[in-house]
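Using the working numbering, you'd call the opening residue of the sequence shown number 15 and step up by one each time.
Backbone N, C-alpha and C define an ideal beta-carbon position, used for all residues, glycine too.
Everything numeric in this text was worked out from a predicted model, so none of it was measured.
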Amino acid sequence: MKEFFIVGNWKLNKTISESTQFVKNLMPLLTQGTSRCGIAAPFTALESLVKESKGTDLLIGSQNVSDQKDGAYTGEISAEMIKDVGAGFALIGHSERRQFYHESDELLGKKIKRALMGGLIPILCIGESLEQKQANEVISVLENQLDKALGALNQDEMSSICIAYEPVWAIGTGHAATPADVQKTHKIIRDFLARKWGEKVCYHLKILYGGSVKPDNIRELLSQPDIDGALIGGASLEVESFAKMVNIAREI
Ligand code: PGA
């Protein structure tokens, strides 16, 4: 049985009480299985979520992390602080961070390093815009994003990261990429990483797909050999729908 990683990305949603209630409601709905699930929550809810999910296999993570360890960086949250509340992973470079907060690939490279040094699993998000897709630039865009953000990592560090391929045009639009197209792209990503870091590392590396994943389409997506999980926005906000998707992953 394949071990998938199903991650909800709550974005700017849910208070502390809404978050803990979600976990209370979620746990009885989940079936047993090897596939892992996680929630990337707002910073304010992390500690309560970690406490609420203690003793379960639900992983809690942040949606961002600072590129700095400490010091005069008003408004920043470091990897050590996230680890300190018991969270285990961090999304890095989500397209909304790239688009609205102008995060560059170079900055994301620093964030990845910081996350690893702080003991978090970084989930690097990459993906092309609609214009880049229409200009047939998908492969070069993705390879460039990977190269710049991961270029400084050694093999050991590479074995501790995840990638989430999220075409920008599929996020929040209701129009997911087709499973066949995602499979093709994930294979290109894996082959690219294998050329740089060796096949052994990249064979085990999890490549998640994100962009309008729903209970209706997750089974077919996860049935592709190079899709190792999903990063889910809108459909992760409702507990029944998130539970359904995790349970489908546990059936496959
Ligand atoms: P979506 O978002 O599932 O609502 O398309 C995915 C994401 O932004 O990670």
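Range of the contiguous alpha helix (DSSP H) that encloses W193: The residue asked about is misnamed: residue 193 is Pro in this sequence, not Trp. Segment P193 to W211, the alpha helix (DSSP H) holding P193.
Check: V227 C-beta below 7 Å from any heavy atom of the ligand PGA: yes
I175, buried or exposed, once every other Cβ within 10 Å from all chains shown has been counted against 16: buried
Rounded separation between Q46 and K83 - CA only: 38 Å
K16 burial status per 10 Å Cβ neighbour count (16 or more: buried): exposed
Cβ contact (3+ pairs, closer than 8 Å) linking the region 196 to 214 and the region 250 to 261: no
4 or more residues per run - each alpha helix (DSSP H) lying fully within the region 16 to 80: 30 to 40 and 57 to 66
Where Q169 falls, given that 16 or more other Cβ within 10 Å makes a residue buried: exposed
The ligand PGA heavy atom lying under 7 Å from the CB of L245: yes
The region 29 to 40 / the region 55 to 69 touching (three or more Cβ pairs under 8 Å): yes
Any non-hydrogen atom of the ligand PGA closer than 7 Å to N27 Cβ: no
First through last residue of the beta strand (DSSP E) which encompasses L160: Here L160 belongs to no beta strand (DSSP E); instead the alpha helix (DSSP H) covers V152 to L164.
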